[in-house]
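One structure is given here, and the rest of the page talks about it.
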Amino acid sequence: MAAPALHGRVGLLCALLSVVQFSLGENKVLTAVNITWSSLNFKTLLLWKPEPKNYSYTVEIDGDLSERKKVCNRISQTECDLTNWMKNLREMYVARIYSEGPYSEENIDTPPYEISPPFTPYTQTEIGKPRIKNFTQEGKILRVEIEDPLTPIRFANGSFQNIRDIFKDDLEYTLTYWKDQSTGKKWVAAKSNKFDIQIDAGKSYCFFVQATIMSRINNRDGQKSDQVCTGVNRNDLDGLPLESILIIAFGAIAVLMLIIALPVIVYRCRRSKSAATMKENIPPNL
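What the sequence shown shows, in mature numbering (1 follows the signal peptide of the UniProt record, and there is no 0), is residues -25 to -1, 1 to 261, in sequence order.
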């Protein structure tokens, strides 16, 4: 008789515990909030909150011209990489984020979901920093060559496209330059990746470049490149890589330490030699 009574009490306790957990929200399935797109050079992620607890998320995406596809199935993360699913970069896409509880054959209802803001890769992806591939300053001419940022979008042969391959003549670069130690800036724009700029001979110049997508109304300008200086009338360190600068610095420190230590070493050597000479001149019987 005691065993059935104990079993009943355990069952009742479990039922009460389930009620308490549900009342505390531990089994509650929440829908996604703060849904945003994060896209750089066409690498596109869908982000949202909150972190799931005792449930999971499933993401579907569809576009104006494409059918709905399930891309991230029952995940515990709060992001989904949609880069490879956006084949037409000019198409507008919308994602659905489903909040799904534990799987059950009896549960055939559509899970609760939220819809993302629309996203068009061609007009909304952020353009990353271009790289200054090469530059020279010869007399009154500053020549600058720019390397286009790569994207995760591939050609048919599997190689990666850069932003020039995608935007073509819609892409323009702006080079901003100024005399070193000066605040007055000038800029020039070009459809190509090369600049030839008239400057004052014998003066050091600094500059950076930035991409612009001409057809855009918003988000037209990309990220600025790293700033570079020509190094004329300076110590020429601006054009050197970090490894070379460190080697020069350590070399200079080593030479300085040698200059400081050399007189001390010479003094000690002379003192030791004088002490040895005096010891030799002392008579043996003393």
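Ideal placement from N, C-alpha and C gives every residue a C-beta, glycine not left out. Small disclaimer: the values here were computed from a predicted structure and weren't measured.
Check	Outcome
Proximal residues to residue 45 (C-beta, below 6 Å), its chain only, five neighbours per side dropped	35
Cutoff 7 Å: residue 6 Cβ touching any chain D Cβ	Looking for chain D here will not work: only one protein chain is present.
In DSSP terms, what residue 109 is bridged to	120
Rounded distance between the beta-carbons of residue 179 and residue 206, thought under 8 Å	6 Å
CB contact flag (residue 75, residue 33, <7 Å)	yes
Unbroken beta strand (DSSP E) run spanning residue 97, endpoints	It is not in any beta strand (DSSP E) - residue 97 instead sits in the alpha helix (DSSP H) that spans 96 to 99.
Burial state of residue 162 (16 or more Cβ within 10 Å)	exposed
Residue 20 beta carbon less than 7 Å from that of residue 54	yes
Enclosing beta strand (DSSP E) for residue 84 [first to last residue]	First-last for residue 84: undefined, no H or E at that position.
Selection from 188, 235, 150 and 112 that minimises the alpha carbon distance to residue 174	112
Beta-carbon contacts of residue 95 that lie in its chain and below 6 Å, excluding the five residues immediately before and after	67
Contact set for residue 31: own chain, Cβ-Cβ below 7 Å, skip 5 residues either direction	49, 50, 51 and 75
Cβ pair residue 69, residue 93 closer than 7 Å	yes
Environment of residue 114 [buried if 16+ CB atoms lie within 10 Å]	exposed
Straight-line gap, residue 185 to residue 98 (C-alpha atoms, nearest Å)	17 Å
Contact under 7 Å by Cβ, residue 199 with residue 183	yes
Closest residue to residue 103 among 201, 118 and 15 (Cα-Cα distance)	15
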